[in-house]
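All remarks here apply to the structure that follows.
Residue numbers (my numbering): 256 to 319.
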């Protein structure tokens, strides 16, 4: 029996997420990104998106 953590789909997902982590270096927004209230909300939200590997709250995550 195959472990749920070792299925081909799970292995592909893990590889894809690792590639995203390398590509974005843990950040959602570039350091030189400007505030766009319709997408990012407040300046504080945009600053949060620039912090590598920070957990985003659901509303900000959906907008990002």
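In this text, a Cβ means the ideal position worked out from N, Cα and C, and glycines have one as well.
Item	Value
Cβ-Cβ distance between residue 305 and residue 273 below 8 angstroms	no
Secondary structure of residue 311, DSSP reduced to three states	coil
Rounded separation between residue 301 and residue 287 - CA only	11 angstroms
Per-residue DSSP class, three states only, for residue 286	coil
Inter-residue Cα distance where the pair is residue 292 and residue 258	45 angstroms
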